[in-house]
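**Student:** One structure, as structure tokens, below. Some questions next.
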Amino acid sequence: MSSVLVVRNLKKVYGKKKPFTAVDGISFSLEEGEILGLLGPNGSGKTTTIQMLLGTLSITEGEVLYFGKDFVRHRSEILESVSFASTYTSLPGILTVEENLEVIGRFYGLSPSESERRYDPLLERFGILEKKKKRVGSLSAGQMTRLMLVKAFFTQPKVVLLDEPTASLDPDMAQEICQFLLEQREKNGLSILFTSHKMAEATKLCDRAIFLRDGKIIANDLPMNLAKSTGGFRLRLLIPDGMKRATAIAEERKFSHTVEHRTIEISLDEREISSFLTALGKAEVQYANIRIEEPSLENYFLQISRRKK
Ligand code: ADP
Ligand code: MG
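This note's numbering numbers the first residue of the sequence shown as 457 and each following residue consecutively.
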């Protein structure tokens with residue numbers, strides 16, 4: 457695999473009087489045909505990073521290379537193959553959907569009819585074909601998000617950057633978009649960098665996940681590895697009576713656990729669950745409300761969000 461995007465020591469400092477470092481020297485790469493998730497809590501620097509990678513925000517320090525070329529020096533050439541969609545940006549509201557797409561098509565050297573041939577199937581797929589002759593200003597937030605995705609894909613880019621692509625969509629449309637992104641990668645070998653705070657979605661989409669926190673990369677790994685790093689499975693039991701015996705059994709087996717009121721939460725391997733429950737039974741500990749959680753990116757996300765600075 458070759459890298460389509462390489463980021464080295466990228467940094468963004470906002471403001472002069474009271475400088476604030478929003479992105480603090482991050483380095484990573486996006487490989488050809490890869491779907492990479494840029495994840496992290498609110499304010500961790502995801503949008504700032506994406507905007508610097510698009511040139512819509514100036515870079516304070518660092519280097520960005522697309523296809524091995526320096527982004528600052530080859531910007532217009534690079535942007536012919538890089539596109540973008542975000543829930544937080546829009547298109548001129550006074551123009552209709554088709555006028556907007558036609559204008560964008562022209563930037564990419566497409567005739568109006570060629571543009572139409574490409575965007576019509578996408579408008580249809582995302583359920584906004586009947587909005588084609590409507591002004592963009594009249595679209596709902598969700599329709600706007602879908603139009604931005606059409607905009608990002610009809611010019612047949614090599615790299616797509618998406619900032620919270622499904623944030624304002626209903627679950628069924630969000631799922632459709634995920635399906636579409638996976639197909640695009642499959643069919644066209646597209647490379648996608650996307651931000652999200654929906655971990656279930658990220659788990660489905662990402663080949664690899666980067667977690668940002670306070671502008672720094674704190675993890676760069678396969679989603680499964682990150683999920684597992686939270687300590688395997690989690691077993692939660694309500695124990696009205698006999699909590700002392702239960703914690704003794706957990707300690708004996710060296711399971712890390714927390715107790716809150718009458719609930720115990722234990723981290724353990726999947727295959728240790730049944731023997732632990734059997735041991736409780738033998739010690740005549742009654743339990744109820746069994747909950748078993750698989751290792752998930754959601755847990756990882758919660759863990760890093762709660763972690764003290
Ligand atoms: P995310 O997309 O991960 O939620 P952002 O990149 O939007 O995070 O923001 C990162 C940090 O930078 C936040 O603390 C935010 O308040 C701050 N920030 C964003 N934009 C500006 C700006 N224009 N001026 C000053 N600070 C900003
Ligand atoms: Mg953001």
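We put the CB at the ideal spot given by N, CA and C, even for glycine.
#1: Taking only the alpha-carbon atoms, compute the straight-line gap between Ile534 and Ile491 and give it to the nearest angstrom.
#2: Could you tell me the boundaries of the alpha helix (DSSP H) in which Phe757 lies?
#3: Would you report the Cα separation of Lys660 and Arg641, rounded to the nearest angstrom?
#4: Return the bridge partner residues of Pro610 from the DSSP annotation.
#5: I need the DSSP call for Asn465, collapsed to helix, strand or coil.
#6: Tell me which residues pass a beta-carbon proximity test against ligand 2: closer than 5 Å to any heavy atom, given in chain order.
#7: Suppose contacts are defined by Cβ-Cβ distances below 8 Å. Is Gly493 in contact with Ala478 by that definition?
#8: Could you give the residue range of the alpha helix (DSSP H) that holds Asn644?
#9: Grab me the residues of Ala608's own chain with a C-beta within less than 8 Å of its C-beta, minus the 5 sequence neighbours each way, in chain order.
#10: Helix or strand or just coil, what does DSSP make of Tyr575?
#11: Provide the residue(s) that pair with Thr552 in DSSP beta bridges, ordered along the chain.
#12: Give the straight-line distance between the Cα atoms of Ile729 and Leu691, rounded to the nearest whole angstrom.
#13: At a cut-off of 7 Å, is Ala658 close to ligand 4 when judged by its beta-carbon and the heavy atoms of the ligand?
#14: Answer yes or no: do Phe582 and Val559 have a C-beta to C-beta separation smaller than 8 Å?
#15: Tell me, please, whether the segment 509-525 touches the segment 461-481 by the rule of three or more beta-carbon pairs shorter than 8 Å.
#16: Please list, in chain order, all residues of the same chain as Ser685 whose beta carbon is under 7 Å from its beta carbon, the five residues on each side excluded.
#17: Fully enclosed by the segment 484-545, which beta strand (DSSP E) runs are 3 residues long or longer?
#18: Counting along the chain, where does the alpha helix (DSSP H) carrying Ala656 start and finish?
#19: Quick one: measure Cβ to Cβ for His717 and Thr703, integer angstroms, because I've assumed they're closer than 8 Å.
#20: Can we say the segment 746-762 touches the segment 676-684, given the rule of at least three CB pairs closer than 8 Å?
#21: Would you grab the beta carbon distance between Ala656 and Leu495 for me? Rounded to a whole angstrom, and I think it's under 8 Å.
#22: What are the complete beta strand (DSSP E) segments, minimum 3 residues, inside the segment 684-747?
#23: Residues in its own chain within less than 6 Å of Asn674 by CB, not counting five upstream and five downstream?
#24: For the beta strand (DSSP E) that Leu618 lies in, which residues bound it at each end?
#25: Have a look at Ser624 and Cys662 and give me their C-alpha separation to the nearest angstrom.
**Tutor:** Reading off the structure:
#1: Here the question's residue 534 lines up with position 78 in the sequence shown. Here the question's residue 491 lines up with position 35 in the sequence shown. Between Ile534 and Ile491, the C-alpha separation is close to 19 Å.
#2: For the purposes of this step, residue 757 is identified with residue 301 of the sequence shown, where counting begins at 1. Leu753 to Arg762 is the span of the alpha helix (DSSP H), which, as asked, contains Phe757.
#3: If you number the sequence shown from 1, residue 660 lands on position 204. If you number the sequence shown from 1, residue 641 lands on position 185. Near 13 Å, if we compare the C-alpha coordinates of Arg641 and Lys660.
#4: Here the question's residue 610 lines up with position 154 in the sequence shown. Checking the sequence, you will find Phe at residue 610 rather than Pro. None; Phe610 has no bridge partner.
#5: Position 9 of the sequence shown, counted from the first residue, corresponds to residue 465. Note: Asn465 maps to strand in three-state DSSP.
#6: Lys502 and Thr503
#7: One-based indexing of the sequence shown puts residue 493 at position 37. One-based indexing of the sequence shown puts residue 478 at position 22. Not a contact, by the Cβ cut-off of 8 Å.
#8: Position 188 of the sequence shown, counting from 1, holds the residue named residue 644. Asn644 -> alpha helix (DSSP H) spans Pro627 to Asn644.
#9: One-based indexing of the sequence shown puts residue 608 at position 152. Excluding residues within five positions, the ones whose Cβ falls inside 8 Å are Ser539, Phe540, Ala541, Val616 and Leu618.
#10: As a first step, residue 575 must be located in the sequence shown, where it is residue number 119. Three-state DSSP puts Tyr575 in a helix.
#11: Here residue 552 refers to the residue found at position 96 of the sequence shown. Arg591.
#12: Numbered from 1 along the sequence shown, position 273 holds the residue referred to as residue 729. Numbered from 1 along the sequence shown, position 235 holds the residue referred to as residue 691. So the two alpha carbons sit approximately 8 Å from each other.
#13: Absence of ligand 4 is noted for the structure shown, with ligand 1 and ligand 2 being the only ligands found.
#14: Stepping through the sequence shown from its first residue, residue 582 is reached at position 126. Stepping through the sequence shown from its first residue, residue 559 is reached at position 103. No, these two residues do not count as a Cβ contact at 8 Å.
#15: yes
#16: Position 229 of the sequence shown, counted from the start, is the residue given in the question as residue 685. Contacts found: Tyr756.
#17: 491-495, 517-522 and 538-542
#18: What you label residue 656 is simply residue 200 of the sequence shown in a count that begins at 1. Where Ala656 is concerned, the enclosing alpha helix (DSSP H) stretches over Met655 to Leu661.
#19: Against the sequence shown, residue 717 aligns to sequence position 261. Against the sequence shown, residue 703 aligns to sequence position 247. Going by Cβ atoms, the distance from His717 to Thr703 rounds to 13 Å, so no, they are not a contact pair.
#20: yes
#21: Numbered from 1 along the sequence shown, position 200 holds the residue referred to as residue 656. Numbered from 1 along the sequence shown, position 39 holds the residue referred to as residue 495. About 12 Å separates the two Cβ atoms, so there is no contact after all.
#22: 689-694, 713-716 and 719-724
#23: Position 218 of the sequence shown, counting from 1, holds the residue named residue 674. In the sequence under discussion, the amino acid at residue 674 is Ile, which differs from the Asn named in the question. Counting only Cβ-Cβ distances below 6 Å, and skipping sequence neighbours, we find Phe667.
#24: Translated into positions along the sequence shown, residue 618 becomes position 162. Taken as a continuous stretch (DSSP letters only), the beta strand (DSSP E) holding Leu618 covers Val615 to Asp619.
#25: Position 168 of the sequence shown, counted from the start, is the residue given in the question as residue 624. Position 206 of the sequence shown, counted from the start, is the residue given in the question as residue 662. Answer to the nearest angstrom: the Cα atoms are 20 Å apart.
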